[in-house]
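Structure record follows, encoded as structure tokens.
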Amino acid sequence: MKDLLQIRQDLLEVKFLRWDDLPDFGIYSDQVLTIVETQLSFLHLPENELSITPAMINNYVKNGILDRPIKRKYYKPHIAKLIVISILKQVLPLSDIQKGIELQIELQGVERAYDTFCETLEESLQLVATIRKDQNEQPHFSNMHPDNLALSMVTLSVVSKLFTQLILSYNGVSNMIKNEGNDSNEKQ
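In structure tokens form, the structure reads like this:
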């Protein structure tokens, strides 16, 4: 198992694929699954905790959360939505996720909405990774525009929940920091 210092470092290094980095061509569902799972690999959670399956994708399409594939192929908007859904379903019901996605797209357009989500989630990861017992720093989001307030809060909720689950999987922070040595600046 990784120690807290390594987990913090991993969280600080997480970078999500941006809109321009997603495939410019149609891909099949197995390739979509690989991309989404790769984007979620930073979470260090028990197996299948955040997995996405072809059945889930089909249900998202049936329920109108995800547009139908075009000739069985998925494109950037599909992939971006699946990444967002897979992360946010940890703290929000699908109906709220759909409403939030639609709102962000309406406010910013699909490309900017997705990139803003990635940036805000990365900032939330960095915030949680750098919280220490002796810090009195207030949370900071560089994109804290009123239109992004809900997005900032939900990404922080996701990261907080996931980090809490990670702590519990180690049976407490003290078990996570056993291998860190005696450097009190690195302990929570």
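By the count of my numbering, the sequence shown reaches residue 173 at its end, each step adding exactly one. Don't be surprised by glycine CBs; every beta carbon is placed ideally from N, CA and C.
Next on the checklist: Could you compute how far the alpha carbon of THR105 sits from the alpha carbon of VAL21?
Outcome noted: 18 Å
Next on the checklist: Less than 8 Å between the beta carbons of ILE68 and ILE50, yes or no?
Outcome noted: no
Next on the checklist: Let's test the definition: count the other Cβ atoms within 10 Å of the Cβ of ILE55 and tell me whether it reaches 16, buried, or not, exposed.
Outcome noted: exposed
Item to check | Neighbourhood of VAL76 by C-beta distance below 7 Å, restricted to the same chain and skipping five residues each side | outcome: VAL139, SER142, VAL143 and LYS146
Checklist entry - Using the C-alpha atoms, what's the distance from VAL95 back to ASN43? => result Taking the Cα positions, ASN43 is about 21 Å away from VAL95.
Checklist entry - In chain order, what residues of the same chain lie with their CB nearer than 6 Å to the CB of LEU136, ignoring the 5 residues before and after it? => result THR105
Item to check | Candidates LEU112, PHE102, TYR60 and ALA114, of which the one nearest PHE1 by Cα | outcome: Out of LEU112, PHE102, TYR60 and ALA114, PHE102 has the C-alpha closest to the C-alpha of PHE1.
Next on the checklist: If I follow the unbroken alpha helix (DSSP H) through LYS84, where does it start and stop?
Outcome noted: 79 to 93
Checklist entry - Contact check, HIS63 vs ASP52 under 8 Å by CB: the rounded distance? => result 7 Å
Checklist entry - Count the other CB atoms within 10 Å of the CB of TYR13; is the residue buried (16 or more) or exposed (fewer)? => result exposed
Checklist entry - So what does DSSP say about TYR155, is it helix, strand or coil? => result coil
Next on the checklist: My output table needs one value for TYR59: the three-state DSSP class, helix, strand or coil.
Outcome noted: In the structure shown, TYR59 adopts extended strand secondary structure according to DSSP, grouped into three states.
Item to check | Contact under 8 Å by Cβ, ILE86 with LYS66 | outcome: Yes, Cβ-Cβ distance for ILE86 and LYS66 is below 8 Å.
Checklist entry - What's the C-alpha gap between LYS74 and THR19? => result 18 Å
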